[in-house]
Structures are given as structure tokens and as C-alpha cells.
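Here's the structure we're looking at; comments come further down.
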Amino acid sequence: MADRTGDESPVAQGCFVTFEGGEGAGKTTQIARLKARLAALGIEAEVTREPGGSPAAEVIRKLLLEGKVRELGPRMEASMFAAARADHMDVTIRPALERGAWVLCDRFADSTRVYQGEAGVDTGFLDRLEKIATAGRRPDLTVLVDVPAEVGLARVATRSEGAGGPDRFETDAIATQERRRRLFLELAAAQPERFVVVDGTADAETVEAGIWKAVRARLLAGDGPVLAADTGEAS
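All letters in the sequence shown, in the order written, are residues 0 to 234 by numbering that gives the first Met the number 0.
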């Protein structure tokens, strides 16, 4: 951590925050709001996404979201997500963290566990892929923006009008979307030290406030994974 002197705002550096949730949860909006909050404290935050986030990973993203590899089966899809993640880690995430920036990532390994796990890929296989792709680097905090499937899909329908249409995951049946929601909630319940669950049906300002409260408590407070120079609250 860089040296801090005087009465500066509390600053935590090099934190890795991921955002998870079903389709239409509002993750992208909340990532932008958190980035603005951090910028107000003088904290650099790099925003990225999965699949994607590096040139090679973006190529894989296009294949995955267009559905061209779906016929190869969920194990192959999981392997492609892992390949994209490995490059993303090497090219984007790890270098940013090492220079002291925060990384705010729209989806990460938990999405693979949920989406490909729901499709039938066994947990052991997904464990091995995650270990290889991330070299054991897990998020410091994972924000699960939880919305019922019907709410998320209604948002997707509105968002997709005139925007080229939904991607292949957004067109899956509502029962599939609801199973994924339950799997996300099960992950969060099993790892409360890493996850915070926020109600994504609330207005954007309320969701933002809930996320900021968790970030401030877990990552900017003296008992969080990153020690701050000052534990005072930011407005």
C-alpha cells in the first residue's frame, strides 16, 4: 500500500470487486456508480467484464454470446470461458491490481459456476478450470445484484429494443433464469465472507447505497482485507 499522510480520505488500493447476477440485474449501472464513488476518494478503478476484458478474450466472447459453440456442449463452453478468463487475468486484471488500482469486473468465475453448472457441468471440473484460469486469485468482494427472473428479463426486453437484440443467454427460458438465480444465492449463502447480496429491484440510488455500505465496511475499514489510513466514512 502506498504511504498516506495528513487528513486524506481513506484509500484502499488493489482491491478486486466482482459483480454477479442474472440477466437484467443492473450490474453495469452499479459498476459505473461505484467507480464514481471511488474516484471521489482519489482511487483509480479499472472497469472490465467477462467474458472479455482483453483482446483475445473479446474474440472468445463474440463466439460464446452468438451461440456458435453451444452445440459443442457445456463442458466445452466452460473451457472457453476459462481460456478467456486466463488471458483476462494475465493481460488486464493482475497488472491493474499490481499497480494499485481497483478492478471492478462485470461477471467472473461465479457466473461460470452458475451458468455452466446449471447446464450440467460437474463442480469438480469447474473447480479445476477456475484454479487454472485464476491461479487462485479470488475477488476481495463479490456483489450479487439479485432480481427475480421475470424482472430481469423485462428489463432486457426494454434495453434490447433497437440495440441489436438480446444475446443467447438472455433468451433462455424463465425457468432456466430462475434456477440460475437460486444457484447465485446458494453461492452467496455458502461464502458470506466474500459476497454481499443487494436487492436489485430497488431504485438505483438505494442499490448504490447498499453496495457502497458493503465496500466501505469490508474494503475501506481497518478490519477489511486492505488497511486504510483512516477509517472515517466517506459521503
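Glycine is no exception: its CB is placed at the ideal position from the N, C-alpha and C atoms.
For the beta strand (DSSP E) holding residue i, just list the boundary residues, first then last.
| i | result |
| --- | --- |
| residue 44 | 44-48 |
| residue 102 | 101-105 |
| residue 17 | 15-19 |
Would you identify the three-state DSSP class for residue i, choosing helix, strand or coil?
| i | result |
| --- | --- |
| residue 229 | At residue 229, the pLDDT of 32 sits below 50, so the modelled position is not reliable and the matter cannot be decided from this model. |
| residue 126 | helix |
| residue 219 | coil |
| residue 142 | strand |
| residue 183 | helix |
| residue 202 | coil |
| residue 195 | strand |
| residue 190 | coil |
| residue 149 | helix |
| residue 60 | helix |
| residue 40 | coil |
| residue 8 | Only weak support is given to the placement of residue 8: the predicted model assigns it a pLDDT of 49, under 50, and the value that follows is read from those uncertain coordinates. Residue 8 falls in the coil class under three-state DSSP. |
| residue 84 | helix |
| residue 53 | coil |
| residue 213 | helix |
Could you round the C-beta distance between residue i and residue j to whole angstroms and report it? I think they count as a contact, below 8 Å.
| i | j | result |
| --- | --- | --- |
| residue 28 | residue 138 | Rounded, the Cβ-Cβ distance is 19 Å, inconsistent with contact. |
| residue 23 | residue 154 | 4 Å |
| residue 77 | residue 59 | Contact flag wrong, Cβ pair sits at about 12 Å. |
Under 6 Å Cβ to Cβ from residue i, same chain only, skipping five residues before and after it: list those, please.
| i | result |
| --- | --- |
| residue 74 | 120 |
| residue 90 | 53 |
| residue 87 | 52, 53, 56 |
| residue 26 | 18, 20, 105, 144 |
| residue 14 | 101, 139, 218, 225 |
Ignore the nearest five residues each way along the sequence and tell me which others in residue i's own chain have a CB closer than 8 Å to its CB.
| i | result |
| --- | --- |
| residue 107 | 17, 19, 49, 84, 138, 141 |
| residue 44 | 33, 34, 37, 38, 100, 101, 102, 103 |
| residue 93 | 136 |
| residue 147 | 177, 180, 200 |
| residue 175 | 117 |
Here's the rule: buried if 16 or more other CB atoms are within 10 angstroms of the residue's CB, otherwise exposed. What is residue i?
| i | result |
| --- | --- |
| residue 199 | buried |
| residue 145 | buried |
| residue 41 | exposed |
| residue 209 | buried |
| residue 130 | exposed |
| residue 202 | exposed |
| residue 111 | buried |
| residue 126 | exposed |
| residue 190 | exposed |
| residue 71 | exposed |
| residue 149 | exposed |
| residue 133 | buried |
| residue 151 | buried |
Using C-beta distances below 7 Å, list every residue in its chain close to residue i, excluding the 5 sequence neighbours before and after it, in chain order.
| i | result |
| --- | --- |
| residue 187 | 143, 194, 196 |
| residue 30 | 18, 46, 103, 105 |
Need the endpoints of the alpha helix (DSSP H) that residue i sits in, please.
| i | result |
| --- | --- |
| residue 70 | It is not in any alpha helix (DSSP H) - residue 70 carries neither H nor E in the DSSP assignment. |
| residue 112 | 108-117 |
| residue 97 | 93-97 |
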